[in-house]
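This report refers to the structure that appears directly beneath it.
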Amino acid sequence: MTTLTDPPGSTFRLSMLLNDTRYRSTTLQVIAFILLMSAIFYLYSNLATNLREAGLNISFAFLGTPAGYDINQTLIEYTSQSSNLRAAFVGILNTLLVAFLACIMATIFGVIAGVLRLSKNWLVRKLMAVYVEIFRNIPVLIWILIIYALMTIASPSPRAFRGDDATASMILDGAAITNRGVYVPGPFFTRGIGGEDGSVINWLLVIAVLIGSFVVTRMVTARANATQEATGVRPNTLWTNLAIWFVPIIVLLFILGLAWDIPELKGFNFSGGLKVGAPLIALWFALSIYTGAFIAENVRAGIQAVSKGQTEAAAALGLRPGRVMSLVVLPQALRVIVPPLISQYLNITKNSSLAILVGYADITATLGGITLNQTGRAIECVLLLMAFYLAASLIISAVMNVYNNSMKLKER
Amino acid sequence: MSDTHSESVRFVRETSLPPAEPPVAERGIYKWGRENLFATPANGALTIVALYVIYLVLSGTLPWLFNGLWTTNSLSECREVLDGRTGGCFSVLTERWNQLIFGFKYPPDQYWRPMLAFVMMLLAVAPVLFFDLPRKMLIITALFPFTAYWLIWGGTILVPLVALLGVVVGYIVYSRLVTQNFALGFFGGVAAAIVFWVFGGWIVDSIGVANPMLEAVPSRDMGGFMLNMMLGVTCVSLSLPIGIALALGRQSSMPLIKWMSVIFIEFIRGVPLITLLFVANVMLAYFFPPGSGVDLFLRVVIMITMFSAAYIAEVIRGGLAALPKGQYEAADSLGLDYAQAMRLIILPQALKISIPGIVNIAVGLFKDTTLVSVISMFDLIGMIRGPILASTEWNGVYWELFGFAAALFFVVCYGISQYSQWLERRLATDHR
Numbered sequence: 002m003t004t005l006t007d008p009p010g011s012t013f014r015l016s017m018l019l020n021d022t023r024y025r026s027t028t029l030q031v032i033a034f035i036l037l038m039s040a041i042f043y044l045y046s047n048l049a050t051n052l053r054e055a056g057l058n059i060s061f062a063f064l065g066t067p068a069g070y071d072i073n074q075t076l077i078e079y080t081s082q083s084s085n086l087r088a089a090f091v092g093i094l095n096t097l098l099v100a101f102l103a104c105i106m107a108t109i110f111g112v113i114a115g116v117l118r119l120s121k122n123w124l125v126r127k128l129m130a131v132y133v134e135i136f137r138n139i140p141v142l143i144w145i146l147i148i149y150a151l152m153t154i155a156s157p158s159p160r161a162f163r164g165d166d167a168t169a170s171m172i173l174d175g176a177a178i179t180n181r182g183v184y185v186p187g188p189f190f191t192r193g194i195g196g197e198d199g200s201v202i203n204w205l206l207v208i209a210v211l212i213g214s215f216v217v218t219r220m221v222t223a224r225a226n227a228t229q230e231a232t233g234v235r236p237n238t239l240w241t242n243l244a245i246w247f248v249p250i251i252v253l254l255f256i257l258g259l260a261w262d263i264p265e266l267k268g269f270n271f272s273g274g275l276k277v278g279a280p281l282i283a284l285w286f287a288l289s290i291y292t293g294a295f296i297a298e299n300v301r302a303g304i305q306a307v308s309k310g311q312t313e314a315a316a317a318l319g320l321r322p323g324r325v326m327s328l329v330v331l332p333q334a335l336r337v338i339v340p341p342l343i344s345q346y347l348n349i350t351k352n353s354s355l356a357i358l359v360g361y362a363d364i365t366a367t368l369g370g371i372t373l374n375q376t377g378r379a380i381e382c383v384l385l386l387m388a389f390y391l392a393a394s395l396i397i398s399a400v401m402n403v404y405n406n407s408m409k410l411k412e413r
Numbered sequence: 108m109s110d111t112h113s114e115s116v117r118f119v120r121e122t123s124l125p126p127a128e129p130p131v132a133e134r135g136i137y138k139w140g141r142e143n144l145f146a147t148p149a150n151g152a153l154t155i156v157a158l159y160v161i162y163l164v165l166s167g168t169l170p171w172l173f174n175g176l177w178t179t180n181s182l183s184e185c186r187e188v189l190d191g192r193t194g195g196c197f198s199v200l201t202e203r204w205n206q207l208i209f210g211f212k213y214p215p216d217q218y219w220r221p222m223l224a225f226v227m228m229l230l231a232v233a234p235v236l237f238f239d240l241p242r243k244m245l246i247i248t249a250l251f252p253f254t255a256y257w258l259i260w261g262g263t264i265l266v267p268l269v270a271l272l273g274v275v276v277g278y279i280v281y282s283r284l285v286t287q288n289f290a291l292g293f294f295g296g297v298a299a300a301i302v303f304w305v306f307g308g309w310i311v312d313s314i315g316v317a318n319p320m321l322e323a324v325p326s327r328d329m330g331g332f333m334l335n336m337m338l339g340v341t342c343v344s345l346s347l348p349i350g351i352a353l354a355l356g357r358q359s360s361m362p363l364i365k366w367m368s369v370i371f372i373e374f375i376r377g378v379p380l381i382t383l384l385f386v387a388n389v390m391l392a393y394f395f396p397p398g399s400g401v402d403l404f405l406r407v408v409i410m411i412t413m414f415s416a417a418y419i420a421e422v423i424r425g426g427l428a429a430l431p432k433g434q435y436e437a438a439d440s441l442g443l444d445y446a447q448a449m450r451l452i453i454l455p456q457a458l459k460i461s462i463p464g465i466v467n468i469a470v471g472l473f474k475d476t477t478l479v480s481v482i483s484m485f486d487l488i489g490m491i492r493g494p495i496l497a498s499t500e501w502n503g504v505y506w507e508l509f510g511f512a513a514a515l516f517f518v519v520c521y522g523i524s525q526y527s528q529w530l531e532r533r534l535a536t537d538h539r
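Residue numbers (this note's numbering), protein chains in the order written: chain A, 2 to 413; chain B, 108 to 539.
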C-alpha cells in the first residue's frame, strides 16, 4: 500500500481531507462509521415501529414455558410438559449426535474413496470418480430426500416380518430394517451400579476405563521408544498393548453383567432393542455419503501433494511399501488434508440443519420450527438458532487453528 | 581387430532381424487388463467387487429406465399398463413438465417469456464465459438484467427503462468525475443513479400504465426449476461485486473497515444458509419501513446474496494473498493510487487465480437454492414435495421425480465444473 507521506503543507484546506494521505484514511473511516451507524439506526427504528404496530415485543420468557409438543428421538429426558429451553437442548444434542456420527462415517467413506481414486486398478479408479462426481454435483437436499424415501418406502413394514410366510427377515436374528426405523440389539447391564437410573454412571465407567487403557498404552509405547533410543533394540509391545486394551474392559463388562436386549416382534411392531429412527439414519447416511465425496477429493489432493521424491527416498532407505505410507507419505499428506477436512466437518454441522426436511428433531426443527411456530417468537428463535450455530462454528474453527499451528512446518 | 574373421567366418548378417511380436500376455488388451485390473490378487478381488457393484446398480436401474412409460395420465394407470413388470412411470415428467419447470401458478400462455429470458441468458453469459466471442455481444449482457426482469415479471416497460437510464446516467457522471479521483467518480455515479431512480420511480408511479404490454406476474407465482435458475443467476452475479468489496475491505489497513468486513464474513460463514432463509422468511420484513411490502423473493435474494458474498470474499482473499508482494510494490513504485493499483494490477491477477474457487462457490450456491423449498417456496424440490406428490394422480412417484431433479442439477453443475477446469487450463500462462 501507499506509504508515501506528502510534504507538510503550509495551510489546511478542506480538500486535503480526501487528497492528503495523512488524513484520507481517517476521513474514510469516519464516513464509514457514520454510514454504519445511520444504517443500524434506520434498521432499528424500522424494527421498533414494525413491532409496535404489530403489538409485539422482544422477550425470551417463552423459553421457560412448557413446550407442549413431543419429540420422538431424545437423548435426555423430555416430555411435552418440559420447557421450550429443554426442547432446544434436546435439539442441540440431536444436532451434535447426527453431526458426530456423520463426521465419522464421512471420513471413512472419504478416505476409502480418496485412496481408491489413486488405485492402480483402472475400474475402481473410474468407479470412484463417478461416485465423487455424482455426489458432489447433486444437492444434499435431494440426497436426504432420496435416502429418506428409501428408508421409509422401500423398506418392509414390521408386519412383513410376521408369520410363516414372512417376506422380510431379520439380519442375523438381531437387527431389523423397517420403514419405522432400524432396530438393533441394545446393550444393558444386569448388575449395573445404581439400578435403572444408574445406567449413565455405568457407561461413564466404561468410557473411563477405555481412556485409561489408551493412556497406559501411550506410556508403554513411549517407554519402548526410549528403550529403542538408548539401546537400539525395540521391545515387543504388541501383546502388552493388546492386554492393556482388552483385559480391563472385558473384566469390567463382566462385573457389570453386560447383556443384549434383542428386538422382538410383538404385535404390529418391534419392541425392545435400540430403535434408531428412519430420519436419523437418512440424515446420517445422506450427509456422510455426500460429504464423503468432498473429503475424497481432499484426501486425493493431499496424497498427491506429497512429492514423488519422498516416496522414492523412503524406498531407497529400504522401507517396505506399508511403512513408506505410514511413516513418510501419510504424516506429510495429513498436513494438507486436515484443514479442509475440518471445514468439511463444519459443513456437516451446518448441513445437519436440513434435518427439518425429514422430521429429525434437531435444533432447527425444535427451536426454529415447532417452538417458533407455536410461540410466534420469530426474532428471538432465529437469533438463538444463529447464536448456537455461530458458537459451534467458532469453536470448531478455534480447534482447527490450534491444530494447524501445532502441525505447521517449523521453519527456522 | 584383425582381418582374420574374413577368413574364418563364412557369413555375417548385415541387417538386423525385425523384432518379434511380444508374447500375447505382454501386448494389447491382455497386457492392459493384467496391469490395470489384475495386477495383484488383491487388485483382482477389487476388480471383481467393482464389477459386481456395477452389475447391481445397472441391473437395478436399466430395466426401470428402459421399461419406463412416458404417456400415461396417472400412477394407477401407469401401474395397470406395466402389469407387474419393473418400469418407471416417467409420464409424471411429461404430464407435469410445465409445473416442474415454471411452477404451478405462472400463466401458461406466458411460458414463452421465461423461455425467451433463458435463451437471452445463454447469449448474455456466453461472452463473459468465452473470451473469443466478439466483444460486441457484451451489449446483450449489459441489457440482459433489464430485459429479463421485464420478460419474467411483466408489467410496465417503464420500470426497467428507468432502471436502465439510471445506470446510464450514473455511468456518465462516473466517467466525467473519474478523471479527477476514482472514489469521487464512483460515489458520484452511484449518487446520480440513485437520484435518477427516485425521481424516475416517482414519475412512473404517477403515470401508472393501465394496460401494460406484458401481463404482470407477481413473484409468488414463480416456481419450479425456473425459480432455482433465477435465484442462482441473480445471487451469484450480485454477490460478485459485493464479495470483491468485502475481500478488499478485509485486506484494508483501516481498522474500522477491516473489522466490519471480518465480522460480516465470519458471521455469515458461521451460520447455515437455512437460518438465513428463516431470517428472510420471518424476520427481515421487520427491518423494512412499514408498508414497503418487500416480497419474499426479494428478501430471499438479499439473504442468499449476503451468504454467497461472504464465501466469494474468502475465495478472493485467497487470490489476493497468493499474489507476490512485488506486484503491490510495483504498483506503488509506478505511482498508481489505491484504486488504480487495484483495478489495473492487483484484481485482474487475483481474480484469475480465484476463478476455480468462485465457480465452486457458484455451483454450491446453485445447489443450495433448493433450500428455499424449506420456507415453502415452490422451487423444483418444493413442487415435487408439494403439489405433485400430494396430488391424487401422482401420489407415490418418488424415484422418477427425485431422479429427474437429480439429473437436472447434475447436468448443470457438472457442466459448470467442467467449464471451470477448461478455463483453468486456458488461463494457465505460467510455463510448466
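We treat Cβ as the ideally placed atom computed from N, Cα and C, and that holds for glycine. Small disclaimer: the values here were computed from a predicted structure and weren't measured.
is_contact[residue i, chain A] using C-beta, thresh 8 Å
i: residue 360 (chain B); result: yes
i: residue 175 (chain B); result: no
i: residue 437 (chain B); result: no
i: residue 280 (chain B); result: no
i: residue 150 (chain B); result: yes
i: residue 432 (chain B); result: no
i: residue 300 (chain B); result: no
i: residue 154 (chain B); result: yes
Coil, strand or helix - residue i by DSSP
i: residue 2 (chain A); result: The predicted position of residue 2 (chain A) is uncertain, since its pLDDT is 48 and thus under 50; a value taken from the coordinates is nonetheless stated next. Three-state DSSP puts residue 2 (chain A) in coil, outside helix and strand.
i: residue 43 (chain A); result: helix
i: residue 418 (chain A); result: The requested residue 418 (chain A) is not part of the displayed model; chain A covers only 2 to 413.
i: residue 320 (chain A); result: coil
i: residue 184 (chain A); result: strand
i: residue 299 (chain A); result: helix
i: residue 265 (chain A); result: strand
Per-residue contacts from residue i into chain A (C-beta, under 9 Å)
i: residue 371 (chain B); result: Chain A residues near residue 371 (chain B): none, gap ~11 Å exceeds 9 Å.
i: residue 517 (chain B); result: 134, 135, 138, 139
i: residue 524 (chain B); result: 134, 137, 138
Test: residue i CB closer than 8 Å to a CB of chain B
i: residue 140 (chain A); result: yes
i: residue 18 (chain A); result: no
i: residue 299 (chain A); result: no
i: residue 285 (chain A); result: no
i: residue 2 (chain A); result: Only weak support exists for where residue 2 (chain A) lies, its pLDDT of 48 falling under 50; the value from the coordinates is given anyway. True, the Cβ-Cβ gap to chain B drops below 8 Å.
i: residue 414 (chain A); result: Since the first residue shown for chain A is 2 and the last is 413, residue 414 (chain A) is missing from the structure and cannot be characterised.
Identified DSSP bridge partners for residue i
i: residue 29 (chain A); result: Paired residues: none, contrary to the question.
i: residue 331 (chain B); result: B:486
i: residue 223 (chain B); result: Residue 223 (chain B) pairs with nothing; no bridge assigned.
i: residue 252 (chain B); result: Bridge partners of residue 252 (chain B): none, in fact.
i: residue 260 (chain A); result: A:189
i: residue 321 (chain B); result: B:262
i: residue 170 (chain B); result: None, per the DSSP bridge assignment.
Within chain A, partners of residue i - CB distance below 8 Å
i: residue 170 (chain B); result: Near residue 170 (chain B) there are no residues of chain A at all, since even the closest Cβ is about 16 Å away, more than 8 Å.
i: residue 521 (chain B); result: 134, 138
i: residue 390 (chain B); result: 379, 380, 383
i: residue 477 (chain B); result: 140, 142, 143
Proximal residues of chain B, C-beta to C-beta of residue i below 7 Å
i: residue 1 (chain A); result: Beyond the ends of chain A as shown, which are 2 and 413, falls residue 1 (chain A); an answer cannot be given.
i: residue 51 (chain A); result: 393, 397
- Query: Using Cβ-Cβ distances below 9 Å, what residues of the region 323-353 of chain B are close to chain A?
  - Reply: none
- Identify each residue in the region 34-45 of chain A for which the Cβ-Cβ distance to at least one residue of chain B is less than 8 Å, and report them in chain order. 34, 37, 44
- Message: To be precise: take each residue of the region 372-384 of chain B, compare its Cβ to all Cβ atoms of chain A, and keep it if any distance is under 9 Å. Which residues remain?
- Response: 373, 374, 376, 377, 378, 379, 380, 381, 382, 383
- Contact list for the region 491-507 of chain B against chain A, Cβ threshold 9 Å: 491, 492, 503, 505, 506
- Below 9 Å between beta carbons is the criterion; list the residues of the region 405-418 of chain B that meet it against any residue of chain A, in chain order. none
- Selection of the region 121-152 of chain B by Cβ proximity to chain A, strictly under 7 Å: 143, 144, 146, 150
- When you check each C-beta in the region 256-286 of chain B against every C-beta of chain A, which residues fall closer than 9 Å? none
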